[in-house]
Amino acid sequence: AKAEGRGTYRFFEARMGAQVRDRRRLEHDMRLAVARGEMHLAFQPQTEVRTGDVTGFEVLLRWRHPERGPVSPALFIPIAEESGAIVQIGEWVLREACREAARWSVPLSVAVNVSAVQLHAPHFVQTVHEALFQAGLRPARLEIEITETALIRDPSRAQATLRQLKALGVRLAMDDFGTGYSSLSNLRTYPFDKIKIDGSFVRAVDANEQAKAIVRSVLGLGRGLGLPVLAEGVETAAELRFLADENCQAAQGYLMGKPGPIEDFREYTHRMTAE
Ligand code: C2E
Ligand code: CA
Ligand code: CA
Ligand code: CA
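In the UniProt record's numbering, the protein residues as written are 513 to 787.
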């Protein structure tokens, strides 16, 4: 039994070793990915529920690894966070997003995700300022999406950073609201302009009364605080109808458009003159 136990342990150790090596390899490859042109941005439309009009796009990072093919951000963003590589990658995302949005003839908004490490990195506000200035993008067209998890690491520092971003004229959205550390007081304490309700609730509204109640209460909260609410992860017409009936302002999800190259959305970003 003892020998068997040791064998199991060795097997476990070997597997752990392989996982660690795999992670290190990914971390190493990621540091070179931007320079090698393996990263690109996908854009997903955000719409006004009442009219269906596209009001802006969320930017989602994509990495096509030369051997592995597409790597999910759900896999590589946490590794980039831990290694600190997210700071350089995130700067690149901000610059590219601002440059792209500055080219549009329709002044739609562009929403960029910012993680905890980025938010707390030195000079983050300066980086945002430079990205806007170099692109010539009006600050009010940039929205920064931040999760509550990113705030709890150092609340007073986060508070100061968000205030500085607001002073620049950038808009702030609270991402993934309803998951994890959601606290009502965060909406009051930090200067957010919008609440994004997590897709997991939205996708459950047609099957689940509890999900409906949660979505309704977030919408009520938004109304009470004067903050517009965007529902994420909308996949079906029934979900969108529910949101319309509940007076939800904005929506995003596969139903309105999957994330894709900005070229796929030229009809929204550019005003066509000849009819
Ligand atoms: P997120 O910010 O909550 O982004 C929404 C995720 O939901 C995206 O996954 C998007 O592709 C997906 N999605 C959109 N509509 C639907 C829908 O109708 N149904 C379903 N099932 N999913 C939908 P993605 O692109 O895989 O990104 C995952 C996460 O990675 C993001 O979650 C965000 O936290 C992070 N991320 C992506 N790009 C960046 C970035 O440039 N910087 C940072 N720091 N994080 C990023
Ligand atoms: Ca987001
Ligand atoms: Ca989200
Ligand atoms: Ca559903």
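Where a beta carbon is used, it is the ideal one built from N, C-alpha and C, also for glycine.
Treat the numbers as computed from the prediction; the structure is a model and nothing was measured.
{"Asked": "Pairwise C-alpha distance: Trp604 and Glu539", "Found": "17 Å"}
{"Asked": "Pick from Leu731, Leu620, Val741 and Ile774 that is closest to Leu572, judged by C-alpha positions", "Found": "Ile774"}
{"Asked": "Span separating the alpha-carbon of Val714 from that of Glu655", "Found": "22 Å"}
{"Asked": "First and last residue of the uninterrupted beta strand (DSSP E) at Gln558", "Found": "Met551 to Glu560"}
{"Asked": "Any heavy atom of ligand 2 within less than 6 Å of residue CB: hits in chain order", "Found": "Glu570, Asn625, Glu657 and Asp687"}
{"Asked": "Ala685, enclosing beta strand (DSSP E) - first and last residue", "Found": "Arg683 to Phe689"}
{"Asked": "Pick from Asp688, Gln722, Pro703 and Arg653 that is closest to Pro619, judged by C-alpha positions", "Found": "Arg653"}
{"Asked": "beta-carbon Glu612 near ligand 3 non-hydrogen atom, thresh 7 Å", "Found": "no"}
{"Asked": "Contact test: Asp705 Cβ vs ligand 3 heavy atom, cutoff 7 Å", "Found": "no"}
{"Asked": "Pro578 vs Phe569 beta-carbon contact at 8 Å", "Found": "no"}
{"Asked": "Residue from Gln638, Thr701, Ile707 and Arg683 with nearest C-alpha to Phe689", "Found": "Ile707"}
{"Asked": "Helix, strand or coil at Asn625 [DSSP, three-state]", "Found": "strand"}
{"Asked": "Rounded separation between Ser617 and Gln722 - CA only", "Found": "42 Å"}
{"Asked": "Close-in-space but distant-in-sequence residues of the same chain around Asp565 (CB under 8 Å, 5 per side omitted)", "Found": "Thr559"}
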